[in-house]
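Each step along the sequence shown adds one to the number in this note's numbering, with nothing skipped, and position 168 is 157. Reviewing the structure listed below.
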Amino acid sequence: MIITVTLNPSLDKVIFVDKLNRNQNNRSKGILYDIGGKATHVSVVLSSMGIDNISTGFLAGRNGKHVQDLLEKKNVKCDYVWQEGFETRETYIVVPQSEEGSYMITERGFAVTGESVEKLKEKLRSLIKRNDIVVFSGGAPNGIDSKIYGDIISVVKEKEGILIVDSSGEFLVEGLKAKPYLIKPNEIEFRDIIGFAPSSDEELIEEVKKLNEDGIEIVALSLGRRGSIVSTKDRTIRVYPPDVKEVNDTGCGDVFLGGVVAMIARGKDVEDIFRFATAISASKATMQGTSDFSLEQTNELMKGVVINDV
Ligand code: TA6
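Shown next, in the form of structure tokens:
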């Protein structure tokens, strides 16, 4: 079983405009709601491939119900801790159709109580069996500082689960203390943990390899549109994505992680894992939603992924 933990899920509101002009009424050309919060996207990928998983974390209110409905429509099994009297946050993603990229504005989300944290830890204790993969991905809500984050993660170790962490700042630093099996920082998050900005791919590769020496089995450094650098103790590869026409880049990193987890669950080697993950992430970029992708298109896009040993 794979358990994905989204501590701060979001109801994503994607707003399409022609252009985004300051001091003007930018009339939307279309709006859609989608799943947000990061580890939720991992569950969407796993469920689309028939890989057994449970999506958990904290939800609240009408937005929380909407997120759960969207997840269940994508065949994701949900087992959340609900906090009465609060409201799951919204994220606003503005996509100007006249240019690449998007603008994302995330609400902070409700303050999770100590009681809810204890309920989640109990839930994880009952769900996790030895060697289950447990994915923590996304930001932490109010009410959860790095110490509490570390406490929650420690349950995975207690139950001898396989920990995957995709977070940032102090939470990623805390996650590293638990020696996760895999981390997937982007360049900004990576600079936070090494404390400086490497000036070349060569320097990035050198720093990534140090994390393998520190006991992280797989380090997948996401370089966005430039692809990724992936390192294990036996091999380091530079992965280049296929060219696609970008519609909405939001959620690409999360679907990428979903592809990684799916291929790990299927016992694939590092090259197959990241060829698939890169392709499914590229497929997501061609879609309007933040958790949409096509497995058929992914199989085609895999042919365009370039992987070099470094
Ligand atoms: O990475 C995309 C995304 O998951 C969006 O769907 C939106 O929900 C946002 O990121 C949430 O990010 P945060 O770091 O606040 O959890």
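Idealized CB from N, CA, C, for every residue including glycine.
Over what stretch of residues does the beta strand (DSSP E) that includes residue i continue unbroken?
i, result
"ALA209", "207 to 211"
"LEU0", "-1 to 6"
"SER44", "42 to 48"
"SER188", "It is not in any beta strand (DSSP E) - SER188 carries neither H nor E in the DSSP assignment."
"THR239", "THR239 -> no beta strand (DSSP E), and no H or E assigned at all."
"LEU152", "151 to 155"
"ASN297", "295 to 298"
"VAL233", "Where VAL233 is concerned, there is no enclosing beta strand (DSSP E), given that its DSSP letter is neither H nor E."
"ARG227", "225 to 229"
In the structure shown, what three-state DSSP assignment does residue i receive?
i, result
"ASP68", "coil"
"ILE269", "helix"
"ARG351", "Because residue 351 is not part of the residues shown, which for the chain are -10 to 299, the question remains open."
"ARG215", "helix"
"SER283", "coil"
"VAL197", "helix"
"ASP58", "helix"
"THR29", "helix"
"SER17", "coil"
"ASP203", "coil"
"LEU(-4)", "coil"
"LEU9", "coil"
"ASP258", "coil"
Could you check how far apart the C-beta atoms of residue i and residue j are, in whole angstroms? I think they sit under 8 angstroms.
i, j, result
"ILE182", "ILE296", "The pair is not a contact, with the Cβ atoms about 25 angstroms apart (cut-off 8 angstroms)."
"ILE20", "ILE4", "5 angstroms"
"LEU(-4)", "PHE47", "6 angstroms"
"ASN120", "GLU149", "7 angstroms"
"VAL56", "THR77", "6 angstroms"
Taking the alpha helix (DSSP H) that residue i belongs to, which residues open and close that run?
i, result
"LYS166", "158 to 166"
Can you list the beta strand (DSSP E) stretches of 3 or more residues lying completely in the region 68 to 143, in chain order? 78 to 85, 92 to 95, 122 to 126
Which residues neighbour the ligand TA6 when neighbourhood means a C-beta less than 6 angstroms away from any of its non-hydrogen atoms? List them by chain order. ASN(-3), SER(-1), ASP1, GLY25, GLY26, LYS27, THR80, THR95, GLY127, GLY128, THR239, GLY240, GLY242, ASP243, THR279
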